[in-house]
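Here the sequence shown is numbered in the numbering used here, starting from 130 and rising by one per residue. Positions of the beta carbon are idealized from the N, C-alpha and C atoms, including for glycine. Here's the structure we're looking at; comments come further down.
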Amino acid sequence: MNPYFKIYRTLRPVLLLAISVWLLSACTSTGSGNNLLVGVAGQETETPSTVPSDLPEELPTSTPIPEAFGHIIFVSNRDGHMNLYMATPDGIEVIRLTNASSEDANPRISPDGTRVAFVSTVNGNMDVYIFDLLSGNITRVTDAPEKDSAPSWSPNGVQLAFESFRDGNFEIYITNADGSNQYRLTNDPAGDSSPVWSPVSNQIAFVSNRFGNADILLITPNGSVSTLTTNSAPDSAPAWSPDGNWIAFKISSGELSNICLINQNGLGQRCLTSAPSEYGAPVWSPDGNWLAVSARQSGGYGINVFNITDGTVLELFSSGIEPRGNPAWSPDGLRLVFQAQVGGDMELYTVLIPTNEFTRITSISSFDGNPVWTGK
């Protein structure tokens, strides 16, 4: 509900009473059907036939919240195997995108919203694939005998960064989206993983334990590496802000963690949380003003939405719904989609952030999870 409408609704009885008192004090009746004012020297004059011009002609109304749009891509084993599905935001229409005796996971939407990079074991080994939402075509991007995973799109949608175990430990690779021109980007015996490409530049954030502890590093496609974090505790789950200026990440404290920020130049590190807790990976809002994180709250599991400017936090919560995994923002930034544990099942829900209204969008006895939201 619009906050200004809340204020108006609270003050409306007082406003109406004040108007009534003013009218009664100014008016007198001299007979049935006559409505007269007492004028100068007691002379009677007719009242205006309309309400004074300084009074509102219509009551204020709340600003309508736009309908959800686009599609939600997720994985489900409702048909026996973990495949990709697509649903409308209300969950009324659901279609199956992939249909193989395999395990599909980790969908990632391309910058233009028309393709989905994902990983699959369809050929007996985990590789990277792309599903074209317009044509329905599937492209196999990698075919190494070892595990390839965690694809991340370049800003122009032409390339993907991914992690691969083909060298005996995890390293970062780059490939064209059609699978051509694959090359190894990192080369360290300690292992490098979880690449995330900046949405506006050629910088790729990744996690490395090459210094004896998990830290976040930056690398460019030409192999130039710089260290971003050097905390004594493990750092993980890097996430770029939409403008490419900030990286959100987790600092672990045993099984718990804090949610923190650091500028892409390595300066200005600060944490949005004051004490470690059960937090998921941070996810940026489309406008870059908020971070959504699944969290253990005082009343149970919910989603915390942090304002990165003033540190305020919204706690989204509904009794009986326990968010798990990482939420995903709607294109307009008004909603989140997430997976939640409900009665032993993993289902998909959306939450309308301004009203804390939760809506269940899947209800089949199965695992439904790993959602992402495209505006197409």
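Query, Result
"Distance CB(Ala410)-CB(Ala366) smaller than 7 Å", "yes"
"Which residues DSSP lists as bridging Pro452, in chain order", "Ala469"
"Cβ-based burial, Phe340 [other Cβ within 10 Å; buried from 16]", "exposed"
"Contact set for Thr271: own chain, Cβ-Cβ below 6 Å, skip 5 residues either direction", "Asp256, Val257, Asp277"
"Terminal residues of the beta strand (DSSP E) in which Val336 lies", "333 to 337"
"Beta-carbon spacing of Gly498, Gly454 below 7 Å", "yes"
"Residue closest to Thr315, alpha-carbon to alpha-carbon, out of Gly308, Val329, Phe294", "Phe294"
"Local Cβ density within 10 Å of Glu407, reported as buried at 16 or more and exposed below that", "exposed"
"Met215 versus Trp282 - alpha carbon distance", "20 Å"
"Residue range of the unbroken beta strand (DSSP E) whose run includes His200", "200 to 205"
"Minimum C-alpha distance to Ala421 - residue among Ile391, Leu346, Ser459", "Ser459"
"Neighbour-count burial assignment, Val302, 16 or more Cβ in a 10 Å radius", "According to the sequence displayed, residue 302 carries Tyr and not Val. Flag for Tyr302 reads buried."
"Exposure of Asp261, with buried meaning 16 or more beta-carbon neighbours within 10 Å", "exposed"
"First through last residue of the beta strand (DSSP E) which encompasses Arg356", "It should be pointed out that residue 356 corresponds to Thr in this sequence rather than to Arg. From DSSP, the beta strand (DSSP E) with Thr356 extends over 354 to 356."
"Per DSSP, the bridge partner or partners of Leu481", "Arg464, Glu486"
"Entirely enclosed beta strand (DSSP E) segments - the region 254 to 337, minimum 3 residues", "256 to 261, 267 to 269, 277 to 282, 288 to 293, 300 to 305, 321 to 326, 333 to 337"
"Reduced DSSP category for Asn374 - H, G, I as helix; E, B as strand; rest coil", "coil"
"Cα-Cα separation between Ser337 and Ser322, rounded to whole angstroms", "6 Å"
"Status (buried if at least 16 other CB within 10 Å, exposed otherwise) for Ser158", "Since pLDDT at Ser158 reaches only 38, below the 50 mark, its modelled position is unreliable, and no value is offered."
"CA nearest to the CA of Ile489, picked from Glu196, Ile194, Arg207, Ile221", "Here the sequence assigns Arg to residue 489, which means Ile is not the residue at that position. When each option's Cα is compared against that of Arg489, the closest is Ile221."
"For Tyr478 and Ser494, the rounded distance between their alpha carbons", "14 Å"
"Burial state of Ser230, where buried means 16 or more other Cβ atoms lie within 10 Å", "exposed"
"Through-space distance from Ser355 to Thr491, alpha-carbon basis", "43 Å"
"Exposure of Ala319, with buried meaning 16 or more beta-carbon neighbours within 10 Å", "exposed"
"Residue burial classification, Thr438 (beta-carbon count within 10 angstroms, cutoff 16)", "exposed"
"Three-way DSSP call (helix, strand, coil) for Ser414 in this model", "coil"
"Within 7 Å, strictly: CB atoms of Trp502 and Val480", "no"
"Where Gly341 sits in the DSSP three-state scheme", "coil"
"Proximity below 7 Å, CB of Phe291 to CB of Ile345", "no"
"Buried or exposed by the 16-neighbour rule on C-beta atoms within 10 Å, applied to Ser448", "exposed"
"Asn433, enclosing beta strand (DSSP E) - first and last residue", "429 to 436"
"Simplified DSSP state of Pro195, which is helix, strand or coil", "coil"
"DSSP-derived helix/strand/coil call for Lys379", "strand"
"Nearest to Leu357 (by Cα), restricted to the options Asp372, Pro324, Ile391, Val329", "Ile391"
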